[in-house]
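Asks:
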Amino acid sequence: MSDLGKWIMLAGAVLVVIGLLVQTGALSWFGRLPGDIRIERPNASFYFPITSMILLSVALSLIAHLVRRFF
């Protein structure tokens, strides 16, 4: 199997695992962290998940760094 095929299969497997975690409620804390801005009014609501996105950005940057280092 070519390298591209392996990467596509790995990405698919990772997406399946993340989907299962979301469905089972194991990631219910994500998006409700301290620092996530949530304003709810009777007519409108505003949600800005700044802390969750910073955490996601750090995790993805770390994964990208490790992939580049070892592959």
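Read in order, the letters of the sequence shown correspond to residues 1 to 71 in this note's numbering.
Note that beta-carbon positions come from the ideal geometry of N, C-alpha and C, so glycine has one too.
Thinking C-beta only, is S45 closer than 8 Å to I39?
Replies: Sequence index remark: in the sequence shown, residue 39 carries index 39 (1-based). Sequence index remark: in the sequence shown, residue 45 carries index 45 (1-based). Going by C-beta atoms, I39 is nearer than 8 Å to S45.
Asks: State the start and end residues of the unbroken beta strand (DSSP E) segment that holds F46.
Replies: Position 46 of the sequence shown, counting from 1, holds the residue named residue 46. Per DSSP, F46 belongs to the beta strand (DSSP E) from 45-48.
Asks: Roughly how many angstroms lie between the CA atoms of R41 and Y47, to the nearest whole one?
Replies: Taking the sequence shown and counting its residues from 1, the one referred to as residue 41 is at position 41. Taking the sequence shown and counting its residues from 1, the one referred to as residue 47 is at position 47. Distance between the alpha carbons of R41 and Y47: 11 Å.
Asks: Verify whether the separation of the beta carbon atoms of L33 and S52 is less than 8 Å.
Replies: Within the sequence shown, numbered from 1, the residue matching residue 33 stands at position 33. Within the sequence shown, numbered from 1, the residue matching residue 52 stands at position 52. Yes, these two residues count as a Cβ contact at 8 Å.
Asks: Does DSSP put R38 in a helix, a strand or coil?
Replies: In the sequence shown, the residue the question calls residue 38 occupies position 38. Here R38 sits in strand by DSSP.
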